[in-house]
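According to numbering that gives the first Met the number 0, the sequence shown is numbered sequentially starting from 0.
Just so it is clear, CB atoms sit at the ideal spot from N, CA and C, and this is done for glycine as well.
From a predicted model like this one, the values you see are computed outputs, not experimental measurements.
Remarks on the structure that follows.
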Amino acid sequence: MPVRRSSIRWEMVEIELRGAQFREAKHAMSSWLPCRGCGLSDFPLGGSPWSPRHRAMVPMVDLGNLPLANRLLSVTSTSNAPYPLVVYYCHNCALIQLADLVPRTEMFTDYVYLTSASKTMMEHFDRYAEGITRRLDLTAKDRVLDVGSNDGTLLKAFQRRGARVLGIEPARNVASIAEAAGVPTLTNYFDLKLAKRLEKVRLVTANNILSHVGSLRDFLATVAHVLRPNGLFVFELPWVADVLRNNSFDMIYHEHLSYFGLKPLTRALREEGLFLVDLEYYPSIHGGTFRGFASPSFEEPSHLVKEMSAREEKEADFWALRDFSERVPKLAHHLRDMLLSLKKEGKRIAGYGAPAKATILLNYCGIGRDILDYASDTTPLKQGKLIPGVKIPVVSPELARTKPPDYYLLLAWNFRQEILAKEREFLDKGGRFVVPFPQPEFVDS
Ligand code: TYD
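Shown next, in the form of structure tokens:
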């Protein structure tokens, strides 16, 4: 059984980290791991240098060695090296994060995630562009810069409303989809060198990007540099309190370096000259997403900023993360047992969706080809490939319909509503879904 309880010893993690940092020569060799949010690594309390009590950063959740979640395998290439997946908590600023172990060129050069893959996200981004265009009264004179612009879905929605747009997207394959759709896109990482070549803009957007950023503070400083004084930085992120409450440990993967609460985020923004002035909250987007509005000039934060920050004091603190780390292995066992019982009854099971999350869920729980026949996914870039580690083939929904299972494990659980509505016929014919979070459960018609 591959599920293992966390068995972290600080010394082991430290040695691994040092080795990795050295190999990548990304960080100067330092004995403690610095926090991505506040930069602190240890408290100068003296005592034994190995004592965790003296560290700002403590390892809390160990998911073991897992493959890179978005690196689907082609049937001929079978290697996707596993990397350790260990979540840390910073006692100084409360940022929950991973160590920066995987070279980013391994993760972002060829990307299979497409924003346009779901109706939910297309509609969400359309309303997003509408809301911000009104809020800022954007006109054709204003320019919108979207960092991590993916296939250009959001910018297209701004273009439709008359704004000038520019996308920044390091993954060549998705950037070219945006270009083909008429969205000007630079295939670059967003850094100060690039920002100095750009005109100042009224609006910078970055959705589900800050979690991916290794040098968080440099990134925020770059946003501050490129914004006009009356500009706004608008970003979306999964709220870590939701990840913890929903037990959705599959949101933890190597690309997601930080799991944001408002407290550490507000602090990092402020230290780079940006003020979190407002929020919107979308409970059904990616299991719970907030949209932050940060301004270069100070304003009293809105009521929702204060309310959610207060909730977070209990829901995303050290103890909440510790409880989560204890629940995760139990949930994984439970889910696998449920599926094994179905197999014993002779049921056929397949995965619904092949999101990055599926790589983590399936590999961590030990759900392989002995349990799932295939995973069905609408993204053509994923079809014909294998989910790394467990090597489950990804097929098109059309192909899946020729061999429907008795049960679908809902791997794309964040689109539950959209998918259950779409699969009415499967449910009406007696098919069932297994939904993994917040606790594994069956859903039927
Ligand atoms: P998503 O949860 O957006 O991303 P991540 O990779 O970050 O975890 O991925 C959802 C996947 O599910 C995506 O590959 C498209 C697929 N999908 C379907 O196959 N059918 C559907 O009806 C929907 C909504 C998504």
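Neighbour-count burial assignment, residue i, 16 or more Cβ in a 10 Å radius
i      : result
Thr221 : buried
Phe441 : exposed
Pro282 : exposed
Glu424 : exposed
Lys381 : buried
Met28  : Summary for Met28: the model assigns pLDDT 27, below 50, so the residue's position carries little reliability, and this model does not support an answer.
Trp318 : exposed
Glu198 : exposed
Leu191 : exposed
Gln96  : buried
Ala194 : buried
Lys155 : buried
Glu168 : buried
Asp427 : exposed
Lys448 : Past the boundaries of the shown model lies residue 448; the chain is included only from 0 to 444, so the question cannot be answered.
Ala397 : Correcting the residue type first, residue 397 is Glu in the shown sequence and not Ala. Flag for Glu397 reads exposed.
His448 : Past the edges of the chain, shown from 0 to 444, lies residue 448, and the structure says nothing about it.
Gly151 : buried
Arg52  : Confidence is the limiting factor: at Arg52 the pLDDT is only 48, short of 50, which leaves the residue's position unreliable and the question unanswerable from this model.
Asn64  : exposed
Ala420 : exposed
Residue i Cβ short of 7 Å to ligand 1 heavy atom set
i      : result
Ala355 : yes
Asn413 : yes
Ser210 : no
Thr377 : yes
Ile418 : yes
Tyr112 : yes
Ala116 : yes
Lys421 : yes
Gly130 : no
Lys402 : no
Lys381 : yes
Gly352 : yes
Candidates the options: closest to residue i by CA position
i      : options                        : result
Lys384 : Gly36, Asn79, Gly63, Leu62     : Asn79
Phe124 : Ala205, Glu270, Phe323         : Ala205
Thr358 : Ala179, Pro437, Ile251, Trp238 : Ile251
Val74  : Val434, Lys118, Ala420, Val389 : Val389
Ser148 : Ile95, Arg134, Arg160, Glu178  : Glu178
Val146 : Pro183, Pro33, Tyr406, Asn413  : Pro183
Gly36  : Cys364, Pro263, Leu165         : Pro263
Met120 : Val304, Leu185, Val86, Gly286  : Gly286
Phe436 : Asn172, Gly181, Asp241         : Asp241
Lys343 : Val304, Asn91, Asp369          : Asp369
Arg163 : Arg201, Arg133, Thr186         : Arg201
Glu298 : Leu215, Thr114, Arg269, Tyr406 : Arg269
Arg266 : Thr288, Leu215, Val239         : Leu215
Ala93  : Leu339, Leu371, Ser257         : Ser257
Leu209 : Leu236, Thr132, Leu410         : Leu236
His515 : His255, Ser395, Asp336         : Nothing can be reported for residue 515: it is not among the residues displayed for the chain, which extend from 0 to 444.
Ser294 : Asn362, Met337, Leu219, Gly345 : Leu219
Leu409 : Pro379, Asp443, Leu226         : Asp443
Ser175 : Ala223, Leu113, Arg142, Val225 : Leu113
Thr288 : Pro300, Pro102, Tyr127, Pro81  : Tyr127
Arg134 : Val86, Phe157, Ile418          : Phe157
Ala331 : Leu341, Leu360, Pro379, Asn245 : Leu360
Val173 : Pro300, Leu341, Pro379         : Pro379
Tyr88  : Lys305, Gly260, Leu371, Leu226 : Gly260
Asp376 : Cys364, Gly130, Val394         : Val394
Gln416 : Pro354, Leu67, Lys118          : Lys118
Closer than 7 Å: residue i CB and nearest ligand 2 heavy atom
i      : result
Ala240 : This structure lacks ligand 2; the ligands present are ligand 1.
If you scan the stretch 175-235 from start to end, which runs of the alpha helix (DSSP H) of 4 or more residues do you find wholly inside it?
191-194, 215-225
Between the stretch 221-234 and the stretch 307-327, do at least 3 Cβ pairs fall closer than 8 Å?
no
Please go through the stretch 235-273 and give each complete alpha helix (DSSP H) segment of 4 or more residues, from N-terminal end onward.
239-245, 261-270
Please give the ranges of any beta strand (DSSP E) in the stretch 312-381, keeping only runs that are unbroken, at least 3 residues long and fully inside the region.
348-351, 371-375
Is the number of C-beta pairs between the stretch 123-139 and the stretch 423-439 that are closer than 8 Å three or more?
The stretch 123-139 vs the stretch 423-439: no contact.
Quick one: any contact between the stretch 339-354 and the stretch 273-281, if contact means 3 or more CB pairs under 8 Å?
no
Any 3 or more C-beta pairs closer than 8 Å across the stretch 53-68 and the stretch 317-337:
Yes: at least three Cβ pairs fall under 8 Å.
Give a yes or no on contact between the stretch 63-73 and the stretch 232-245, applying the rule of three or more CB pairs nearer than 8 Å.
no
Every unbroken alpha helix (DSSP H) inside the stretch 67-152 [4 residues or more]
Fully enclosed alpha helix (DSSP H) runs of 4 or longer: 103-107, 118-135.
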